[in-house]
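Visitor: Quick one: structure below, then a few questions.
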Amino acid sequence: MRANTAQTVLEALHVRKSFGGVRALRGVSLELIGGETHALVGENGAGKSTLIKIITGALQPDAGEIRMHGKVVEHHSPAHARALGIAAIYQQPALFPDLTVAENIVNTRRGKGRRRKVHWTERRAHAAKVLEKVGARIRPDTLARNLSMPEQQLVEIARAVDANASVLILDEPTASLGEEDVEHLFRIMAEMRTRGTAIIYISHRFEELFRVADRVSVLRDGSSVGTYDMAGITSEKLIHLMVGRELETVFPKHDATLGNPVLDVRRLSSKQCGVKDVSLQVRRGEILGLAGLVGSGRTQFAEALFGLAPKDAGEVYINGKRVEIESPGDAVREGLAYLPEDRRNHGVVLDMPVAANITIASLQRVSANGFIRFEDEEKTAKDYIRSLTVKTPDSHTPVANLSGGNQQKVALARWLMTDPKILVLDEPTQGIDVGAKAEIYHLIGRLAQKGTAVLMISSEMNEILGMSDRIAVMTKGRIAGVLSREEATPYKILELTLGLGSSSGQEGA
Ligand SMILES: Nc1ncnc2c1ncn2[C@@H]1O[C@H](COP(=O)(O)OP(=O)(O)OP(=O)(O)O)[C@@H](O)[C@H]1O
Ligand SMILES: [Mg+2]
94 MRANTAQTVL EALHVRKSFG GVRALRGVSL ELIGGETHAL VGENGAGKST
144 LIKIITGALQ PDAGEIRMHG KVVEHHSPAH ARALGIAAIY QQPALFPDLT
194 VAENIVNTRR GKGRRRKVHW TERRAHAAKV LEKVGARIRP DTLARNLSMP
244 EQQLVEIARA VDANASVLIL DEPTASLGEE DVEHLFRIMA EMRTRGTAII
294 YISHRFEELF RVADRVSVLR DGSSVGTYDM AGITSEKLIH LMVGRELETV
344 FPKHDATLGN PVLDVRRLSS KQCGVKDVSL QVRRGEILGL AGLVGSGRTQ
394 FAEALFGLAP KDAGEVYING KRVEIESPGD AVREGLAYLP EDRRNHGVVL
444 DMPVAANITI ASLQRVSANG FIRFEDEEKT AKDYIRSLTV KTPDSHTPVA
494 NLSGGNQQKV ALARWLMTDP KILVLDEPTQ GIDVGAKAEI YHLIGRLAQK
544 GTAVLMISSE MNEILGMSDR IAVMTKGRIA GVLSREEATP YKILELTLGL
594 GSSSGQEGA
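What follows is the structure, given as structure tokens:
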């Protein structure tokens, strides 16, 4: 609920911003009231992050203005924004990799009057306290570069919370957080809100928006569509406002005929990454969903399978033949493809064009006699750009210039077009808007239909239930159980996740 003393804290008025020929914002306005949580939604590339960067002074607008407590903000910059009490968590974590967690948290604190001597024991203790407050079990003297994605996100949250801001901006803060951490974040947000902090909240997860937001503003193609009370709007209406058209069924249930096991993993263990005795099979044409909490070992299992982490026991069979996969190169040769969770570091090459990013893993398809046929590359890339609705001026644009969600689509396109025997997807639709999700499910379904064995790690219950032929649930590095499509319910999955239930068998058929 909004505080009674509701008054406008921050306004963006008729903001315009172009990047070359791309009109990212075409006159966007937004009003933020003290104590409210204001959701900002729109498709990938609608302009959300650009607006945020203008509010935080990281980008300068071409026209329009930002007002704080009614006064126009001149000469805006990130330092100025901090001084005004605006804190932000950006979509791409922006920690200094070579500084420790404590240094990352403390360095951006607002100065308290006169300069004080740097007191490291004090700062570390302070950082530890802030980390505890956001529920992060991270040691303050860890180097930021050694943190996992969720840990980086928690440190960013700690840093923003510590700034004690009057405006807190969260750009997809929960993208890689587990359920427990999400709950923790929501509690902190509620607490800050009662103290009058205004929050801008960006997320592609609708359930979250309905839980936390008081109002919602919709952007479409760089324009404001409108601002609505959350209580008076349905998700159907919201989707319609975002995409401006009706969507087809989100989960196109494909009818693939399941064949022989393509991937057969027997008792795989990796001490180093906490994977214990994992056995599972994926058949030709099958989509096996891998459910579980963040941190349950799903990503680690995928990494061990793909040769990114050492295995110390167990066997992997592909089409009945024992294979040794010691490196990603081995994995690719054996017909595996892997879309990692951390796309920022491993998913795309930021300064390479969109087309090359898409075709790089399947160059043989666009080459003849060892030469890349650029027309073929161009054509193939364009097909994927169209079908996944990648918002980009053209196929030569560097991926760095795309919005977060559109970068994800490019990473996904790369692996979808390799036509692998086995496709491992880690959170395939994370950060992707509702319109494009449907298309991605469609493409995954089509690959399965053509005979690919798909192993899909996902934390989205709808996605797991809607797409999977069978669902394996992981807990603490082990498979807790396998459910058939027919027997799977959210409750049963949760039971296994929490280590309570039992299932038809360790391995299923
Ligand atoms: N540095 C840049 N150079 C060129 N174009 C850019 C740059 N930053 C953003 N854009 C373009 O501006 C548009 C808006 O991007 P923005 O990142 O604001 O979208 P978004 O709403 O945050 O999307 P997402 O949900 O995918 O994060 C996109 O078309 C994007 O490609
Ligand atoms: Mg964005």
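Residues in the sequence shown are numbered from 94 upward in steps of one, following the working numbering. Glycine included, every Cβ here is placed at the ideal spot set by N, Cα and C.
(1) So which of ARG238, THR290, ASN239 and LEU591 has the shortest CA-CA distance to ASP255?
(2) Do you know offhand how far GLY319's Cα is from LEU133's?
(3) Is the beta carbon of GLY497 within less than 6 Å of some heavy atom of ligand 1?
(4) By the DSSP assignment, the beta strand (DSSP E) with LEU359 in it spans what residues?
(5) Shortest alpha-carbon distance to ARG359 belongs to which of SER372, LEU351, GLY367 and ARG217?
(6) Please identify the residue among HIS107, SER122 and ALA565 whose C-alpha is closest to the C-alpha of GLY390.
(7) How big is the Cα-Cα spacing for GLN100 and THR267?
(8) Closer than 6 Å to a non-hydrogen atom of ligand 1 - does that hold for the CB of GLY140?
(9) Helix or strand or just coil, what does DSSP make of PRO446?
(10) Could you tell me whether any non-hydrogen atom of ligand 2 is closer than 6 Å to the CB of GLN184?
(11) Count the other CB atoms within 10 Å of the CB of LYS530; is the residue buried (16 or more) or exposed (fewer)?
(12) Considering only C-alpha positions, which residue in the set VAL121, PRO354 and VAL547 is nearest to GLY157?
(13) Taking only three categories from DSSP, how would you classify GLU417?
(14) Starting from the C-beta of GLY75, find all residues in its chain whose C-beta is less than 7 Å away, skip the five residues before and the five after it, and write them out in chain order.
(15) Out of curiosity, what's the CA-to-CA distance linking THR392 and ILE586?
(16) At which residues does the alpha helix (DSSP H) containing ASP469 begin and terminate?
(17) Between which two residues does the beta strand (DSSP E) containing VAL503 stretch?
(18) Whose C-alpha, out of GLY138, ARG571 and ASP562, is nearest the C-alpha of GLY352?
(19) Tell me where the alpha helix (DSSP H) around ILE148 begins and ends.
(20) Please report the residue range of the alpha helix (DSSP H) in which GLY538 lies.
(21) State buried or exposed for GLN365, treating a residue as buried only when at least 16 other CB atoms are found within 10 Å of its CB.
(22) Please determine, among ALA541, THR143, THR130 and ILE537, the residue with the shortest C-alpha to C-alpha distance to LEU312.
(23) Measure the Cβ-Cβ separation of VAL248 and VAL336 and say whether it is below 7 Å.
(24) Just checking, does the stretch 414-424 make contact with the stretch 467-481 on the three C-beta pairs under 8 Å criterion?
(25) Starting from SER316, follow its DSSP beta bridges and name the residues at the other end.
(26) Could you check what DSSP says for TYR183 in three-state terms: helix, strand or coil?
(27) Please go through the same chain and pick out, in chain order, the residues whose beta-carbon is closer than 8 Å to the beta-carbon of ALA237, but skip the five residues on each side of it.
Guide: So, from the data block:
(1) Looking at the Cα atoms, THR290 is the closest of the given residues.
(2) 10 Å
(3) yes
(4) In the sequence as displayed, the identity of residue 359 is Arg instead of Leu. ARG359 -> beta strand (DSSP E) spans 354-363.
(5) The shortest C-alpha separation from ARG359 is found at SER372.
(6) ALA565
(7) Straight-line Cα distance between these residues: approximately 28 Å.
(8) yes
(9) In the structure shown, PRO446 sits in a strand (DSSP, three-state: E or B).
(10) Correct: GLN184 has its Cβ closer than 6 Å to ligand 2.
(11) By the beta-carbon neighbour count (other beta carbons within 10 angstroms, threshold 16), LYS530 is buried.
(12) For GLY157, the closest C-alpha among the options VAL121, PRO354 and VAL547 is that of VAL121.
(13) Assigned with DSSP and collapsed to three states, GLU417 falls in coil, not helix or strand.
(14) Residue 75 lies beyond the range of the chain shown here (94 to 602); nothing can be said about it.
(15) 18 Å
(16) 467-480 is the span of the alpha helix (DSSP H), which, as asked, contains ASP469.
(17) Taken as a continuous stretch (DSSP letters only), VAL503 belongs to no beta strand (DSSP E), being part of the alpha helix (DSSP H) at 497-509.
(18) ASP562
(19) 141-148
(20) Counted as a single uninterrupted DSSP element, the alpha helix (DSSP H) harbouring GLY538 occupies residues 527-542.
(21) exposed
(22) THR143
(23) no
(24) no
(25) ARG313
(26) coil
(27) LEU188, PHE189, PRO190, ASP191, LEU192, THR193, VAL194, ASN197, GLN245 and VAL248
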